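Step one of this worksheet: look at the structure below.
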Amino acid sequence: MLKKTRDDFKASVKQKLAKRVNYLCSNPDCRSLTLGPKHSDDGSHSIGVASHILAAAPLGPRYDGKMSSDERKNIKNGIWLCNNCSTKIDKDELSYSPETLRGWKALTEAFVLDQQGRKYISAEDVTNTLTTALTGYPKKLIPNAVKYIHNAASETLEALDGRFQVLSSYINNQEVYELRAKETTSIKMSVIGDDASAFYAQYKSLLETGSELEISSSNLFFTGSKLFEEMLSGQNGVLRISPKKRDAVVKLHATNPITSESIFFDEIRGHVHVGSKQFSFKGEACKGLIKLSITHSIDRESNASNCSILVDLDVWQNEDVSKIPFFTNVFEFVETIFVGAQLNLALEVEGHRITAGRINAGGDREIMGKTYCLLKFTRAARAISTKFNTPLQFDHNSPFSEDDYLMILGAERLINGQFVLTEADFESDITIDFVVNENVDDIKKLFDFRDIGQTVKIEEPAQSMCIFNREVTLPSKEILLHPVILKPLSESHDVKIDSTIKVQLIPQEGFKMTTLYNYS
């Protein structure tokens with residue numbers, strides 16, 4: 068009878084190895100569950116193997132002849148693996164040393180111990196899975212993926228220096244980390260190269276005016292914080308240092324110098340930054356269409372203030388002109404500034420009024436004038452789009468000529484009703500050209516009714532114009548002039564077929580020139 072030379076594990080040892088890792092494969096890169104139910108009965112099915120770290124028999128992988136039989140069969144020499152990983156470690160013993168396998172075993176037992184009493188899938192496990200998912204391995208995206216990944220990044224960085232709270236985000240294809248000190252903290256920073264003078268100037272401005280500091284981190288070196296040392300020292304990135312912000316609101320109202328009407332605008336919400344010499348406010352209204360910045364000196368001797376207003380119409384780019392938001396608000400705001408009204412301003416922080424006064428917000432009158440013209444052009448385009456059911460997309464960069472501008476404003480007036488002029492609206496004589504293309508005798512009769520008020524009807528054909536890069540055809544017009552006396556400026560013997568005679572229209576009492584669209 069041959070003597071048995073293989074030192075296999077007892078069944079009890081195999082069961083202990085499996086239970087100690089909750090039937091998970093001990094390979095950290097696998098961690099497959101090796102136990103499951105059978106479909107046919109109430110039994111279970113295992114794909115796990117109690118593998119030897121050091122071989123159970125001579126010529127086996129990682130065999131150690133110095134070990135005793137009991138040592139080879141001991142639980143310390145065993146590791147629980149799935150079938151695939153068990154085969155893999157035995158076929159490539161050079162890649163999977165005893166130290167590596169013992170490390171796997173210890174890590175997996177520690178992992179299972181840490182998970183005991185928790186839900187099967189913990190937040191940390193989901194985070195790790197999702198991080199792998201977003202690098203391209205699993206195809207199914209688990210809900211809350213972004214949150215878990217940012218939480219994992221924040222926790223990892225906070226572990227480097229517990230004095231800081233780390234907020235992780237991903238904005239415009241860039242990783243952004245916001246570091247907030249939980250306590251008074253001392254950190255040393257060195258700035259080298261050409262950035263030193265720029266940093267000094269910005270740092271001085273940060274202290275005096277409360278403005279944000281921004282500098283490349285490639286020439287920065289930190290000591291005193293593992294977090295700063297690893298994240299910023301010599302790294303390619305940008306360091307921004309911001310002062311503490313306080314929520315603030317600016318309330319604006321104005322009196323129109325032409326109509327004396329009081330106009331109240333939307334509240335402009337933003338933040339106040341305070342420095343040793345001045346404070347500044349930055350805010351916006353109408354979802355970014357109106358931006359306001361204010362600086363005010365704290366120095367009693369200078370007491371200087373500066374205000375800047377930006378109307379950012381790019382917010383409307385490619386929007387349907389009939390549906391662009393806040394149009395009326397923005398139009399009234401710009402119009403009030405353009406006509407020269409002074410704005411009355413009150414700055415409040417947490418309900419407390421900090422400062423109040425009047426500001427001249429006209430700024431660059433040429434720029435404000437162009438903005439006002441574009442808004443009037445857009446208002447007319449909105450009327451045309453709605454009246455003729457013609458979709459038009461706002462284009463801030465679309466050019467228009469003075470003729471286009473006058474034509475579209477005229478179209479807006481006609482859409483809103485009849486366009487009426489009186490004699491006082493004309494600075495010179497009214498003349499028209501008659502083209503003789505009918506009975507010559509009928510035309511000559513015009514010369515016989517010079518003292519009788521008549522009505523002249525003129526029809527203008529449909530016109531086309533370009534509105535925000537789209538060709539739009541407007542209806543034909545009908546122009547009525549009444550009452551007028553016709554005074555030919557040509558002699559009757561000059562009246563011939565296909566000839567043109569010039570006629571002066573002399574307005575009489577109650578004269579009106581009415582223009583309207585012909586919608587028929």
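According to our numbering, the sequence shown is numbered sequentially starting from 68. Glycine included, every Cβ here is placed at the ideal spot set by N, Cα and C. The structure presented is a predicted model; accordingly, all values stated were derived computationally and were not measured.
Determine the burial state of residue i: buried for a count of at least 16 other Cβ atoms within 10 Å of its Cβ, exposed for fewer.
{"i": "residue 449", "result": "buried"}
{"i": "residue 237", "result": "exposed"}
{"i": "residue 206", "result": "With a pLDDT of only 41 at residue 206, under the threshold of 50, the placement of this residue in the model should not be trusted, and no figure is reported."}
{"i": "residue 580", "result": "buried"}
{"i": "residue 204", "result": "The predicted position of residue 204 is uncertain, since its pLDDT is 44 and thus under 50; no value can be drawn from it."}
{"i": "residue 310", "result": "buried"}
{"i": "residue 577", "result": "exposed"}
{"i": "residue 84", "result": "buried"}
{"i": "residue 292", "result": "buried"}
{"i": "residue 112", "result": "exposed"}
{"i": "residue 78", "result": "exposed"}
{"i": "residue 276", "result": "buried"}
From residue i to residue j, what does the alpha carbon distance come to, in whole angstroms?
{"i": "residue 459", "j": "residue 538", "result": "10 angstroms"}
{"i": "residue 523", "j": "residue 572", "result": "9 angstroms"}
{"i": "residue 167", "j": "residue 350", "result": "59 angstroms"}
{"i": "residue 411", "j": "residue 245", "result": "37 angstroms"}
{"i": "residue 346", "j": "residue 425", "result": "17 angstroms"}
{"i": "residue 101", "j": "residue 75", "result": "20 angstroms"}
{"i": "residue 585", "j": "residue 442", "result": "27 angstroms"}
{"i": "residue 546", "j": "residue 352", "result": "44 angstroms"}
{"i": "residue 161", "j": "residue 129", "result": "9 angstroms"}
{"i": "residue 587", "j": "residue 337", "result": "53 angstroms"}
{"i": "residue 208", "j": "residue 216", "result": "Reliability fails at residue 208, whose pLDDT of 48 lies under 50, so the model's placement of it is uncertain and the value that follows must be treated cautiously. Answer to the nearest angstrom: the Cα atoms are 12 angstroms apart."}
{"i": "residue 375", "j": "residue 297", "result": "40 angstroms"}
{"i": "residue 104", "j": "residue 228", "result": "47 angstroms"}
{"i": "residue 177", "j": "residue 80", "result": "19 angstroms"}
{"i": "residue 254", "j": "residue 233", "result": "16 angstroms"}
{"i": "residue 131", "j": "residue 138", "result": "10 angstroms"}
{"i": "residue 548", "j": "residue 521", "result": "8 angstroms"}
{"i": "residue 372", "j": "residue 401", "result": "22 angstroms"}
{"i": "residue 436", "j": "residue 533", "result": "22 angstroms"}
{"i": "residue 557", "j": "residue 492", "result": "26 angstroms"}
{"i": "residue 213", "j": "residue 433", "result": "47 angstroms"}
Spatial neighbours of residue i within its chain, please: CB distance less than 6 angstroms, with the 5 preceding and 5 following residues excluded, ordered by chain position.
{"i": "residue 220", "result": "235"}
{"i": "residue 313", "result": "339 and 416"}
{"i": "residue 482", "result": "450 and 454"}
{"i": "residue 496", "result": "571"}
{"i": "residue 385", "result": "460"}
{"i": "residue 247", "result": "232"}
Please confirm whether residue i and residue j have their CB atoms less than 8 angstroms apart.
{"i": "residue 403", "j": "residue 286", "result": "no"}
{"i": "residue 149", "j": "residue 114", "result": "yes"}
{"i": "residue 142", "j": "residue 171", "result": "no"}
{"i": "residue 465", "j": "residue 535", "result": "yes"}
{"i": "residue 335", "j": "residue 305", "result": "no"}
{"i": "residue 475", "j": "residue 501", "result": "no"}
{"i": "residue 280", "j": "residue 308", "result": "yes"}
{"i": "residue 446", "j": "residue 479", "result": "yes"}
{"i": "residue 552", "j": "residue 530", "result": "no"}
{"i": "residue 455", "j": "residue 582", "result": "no"}
{"i": "residue 452", "j": "residue 388", "result": "yes"}
{"i": "residue 269", "j": "residue 284", "result": "no"}
{"i": "residue 154", "j": "residue 95", "result": "no"}
{"i": "residue 119", "j": "residue 89", "result": "no"}
{"i": "residue 123", "j": "residue 185", "result": "no"}
{"i": "residue 569", "j": "residue 498", "result": "yes"}
{"i": "residue 413", "j": "residue 318", "result": "yes"}
{"i": "residue 299", "j": "residue 224", "result": "no"}
{"i": "residue 363", "j": "residue 422", "result": "yes"}
Can you name, in chain order, every residue of its own chain whose Cβ lies under 7 angstroms from the Cβ of residue i, other than the five neighbours on each side?
{"i": "residue 266", "result": "258 and 282"}
{"i": "residue 379", "result": "355, 356 and 358"}
{"i": "residue 406", "result": "323, 324 and 325"}
{"i": "residue 489", "result": "578 and 579"}
Using DSSP's beta-bridge definition, name the partner residues of residue i.
{"i": "residue 362", "result": "347 and 373"}
{"i": "residue 488", "result": "580"}
{"i": "residue 383", "result": "In the DSSP output, where bridge partners are listed per residue, residue 383 has none listed."}
{"i": "residue 500", "result": "569"}
{"i": "residue 331", "result": "320"}
{"i": "residue 111", "result": "104"}
{"i": "residue 411", "result": "320 and 425"}
{"i": "residue 255", "result": "290"}
{"i": "residue 553", "result": "572"}
{"i": "residue 353", "result": "In DSSP, residue 353 forms no bridge with anything."}
{"i": "residue 532", "result": "539"}
{"i": "residue 284", "result": "Per DSSP, none; premise fails for residue 284."}
Closer than 8 angstroms by C-beta to residue i: which residues in its own chain qualify, once you throw out the five before and the five after it? Chain order, please.
{"i": "residue 542", "result": "529, 584, 585 and 586"}
Give a yes or no on whether 8 angstroms exceeds the smallest Cβ distance from residue i to chain B.
{"i": "residue 99", "result": "You won't find chain B in this structure, because it holds only one protein chain."}
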